[in-house]
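Read in order, the letters of the sequence shown are residues 1 to 98 in our numbering. Built from N, CA and C at the ideal position, the CB exists for glycine as well. Everything below concerns the one structure shown next.
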Amino acid sequence: MDSKAMVNEMEAMDWRLTLIRSQRFKKFFLFDNAAPHRAKVTTDKLAQLGYVHDFMVGRDTRTQADLDNHNEQWISTRRKQFWRDGIRKLADRWQQGH
């Protein structure tokens, strides 16, 4: 599968998701480790459809070291309270089944 086919598949999936789900649900894509998901055309389409957080848009993640570095940068942009609140909410969310 090349990047153009990947983009076409993402557009089709996004269209189907809008038909079967309301906007209150978050959308997630699970990719294997194939090269097309790293192509600029693919990452641009993911950003356009709203599947990629702005922090990662346009960043080079071709190597594991690049990805690790960007993840560390993103983690460091969050305040400690963000992590505390998120961990505290996990039990409640688990109880609610979300």
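Residue environment: residue 46 is assigned as buried (16 or more neighbouring CB atoms within 10 Å of its CB, all protein chains considered).
The shortest C-alpha to C-alpha distance from residue 18 to any of 2, 6 and 49 is the one to 49. Collapsing the DSSP output to three states places residue 86 in a helix. The shortest C-alpha to C-alpha distance from residue 42 to any of 68, 12 and 5 is the one to 5. Residue 63 carries a coil assignment under DSSP once its states are collapsed to helix, strand and coil.
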